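Heads up, the thing below is written out as structure tokens.
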Amino acid sequence: AAAMGVYLHGRAGDLVRLQSGEHGLLARELTEALADILKETE
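Just so it is clear: in the sequence shown, position 41 is 41 by UniProt numbering, and no numbers are missing.
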């Protein structure tokens, strides 16, 4: 479970970085990206 959490968090961060750039992000953006990542892994 811990490994999956680390993977999902990393993928969500990568997705937000691609969408918003590398100058920072909001926690809200990360949680929104998690939904997209979970759909991708199904």
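Just so you know, even glycine gets a beta-carbon here, dropped at the ideal spot from N, CA and C. All of these numbers come straight from a predicted model, not from anything done at the bench.
At a Cβ-Cβ threshold of 8 Å, A33 and A12 count as neighbours.
Each residue's CA atom was taken as its position, placing R17 and V6 some 16 Å apart.
A35 and Q19 have their C-alpha atoms spaced approximately 15 Å apart. Secondary structure note for E40: its alpha helix (DSSP H) is the uninterrupted segment 27-41.
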